[in-house]
Amino acid sequence: MTHQAVVVSDVTADLTAFTLAGDRLWRVGMPDSCRQLVATDELVVCRLPNAIAAIDPASGRVIWRAELSALAIYVADGQILSMGRQTTTLLSTSGDELGSWQIERTASNTWAVPMTGGLLVTSDIGEFEWWPA
């Protein structure tokens, strides 16, 4: 089911969803402000300072929470990639850990480029890796 809404994080650490007409659908308090939001039809994924939380886009209910310190999160092919300073973790949309890799990050910025069959993760100094490996 597709949910057409805009989800925003504010300075009070609340997540709020609005219809495309601007009406509020729901509001949920988070333990800290979301540093990054990524949405699919099934989930809104919130990157917190020391965790990742998955929220139901229809109700705002927190479905699961994983204690991960991520610099960035990406969603592709029904999976969530959490990139930390030294560890990259792959999660299912149900929050189960599918794999984890130790990676030494020397770059200050990394980006994931969605491509057919996975993600190309690249950096500002020319490092790259293909996910899934």
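Taken in order, the sequence shown gives residues 1 to 133; the numbers are from full-length UniProt numbering.
For each residue, glycine too, the CB sits at the ideal point set by N, CA and C.
Since the model is a prediction, treat every value here as computed from it, not as a measurement.
Terminal residues of the continuous beta strand (DSSP E) containing residue i?
i	result
VAL38	36-39
ASP14	14-19
GLN79	79-83
VAL8	5-9
THR93	From DSSP, THR93 is part of no beta strand (DSSP E); its letter is neither H nor E.
ARG65	62-66
Residues in the same chain with beta-carbon distance under 7 Å from residue i, minus the five sequence neighbours each way, listed in chain order, please.
i	result
ALA39	VAL7 and PRO57
For residue i, which residues from the same chain have a beta carbon less than 6 Å from its beta carbon, with the 5 sequence-adjacent residues on both sides left out?
i	result
MET1	Low confidence applies to MET1: its pLDDT is 48, below 50, so where it sits in the model is not reliable, and the reading given next is rough at best. Once the five neighbours on either side are set aside, MET1 has no close Cβ partner at all.
ALA13	MET30, ASP32 and SER33
ALA72	MET83
Using a Cβ-Cβ cut-off of 8 Å (strictly less than) and excluding sequence neighbours within five positions of residue i, which residues of its own chain qualify?
i	result
GLU97	ALA66, THR89, LEU90 and LEU91
ASN50	GLU67, LEU68 and SER69
Across which residues does DSSP place residue i in a beta bridge pair?
i	result
GLN102	THR87
Our contact map puts residue i next to residue j with C-beta atoms below 8 Å; I'd like the distance itself, whole angstroms only.
i	j	result
GLY78	TRP26	24 Å between Cβ atoms; not a contact.
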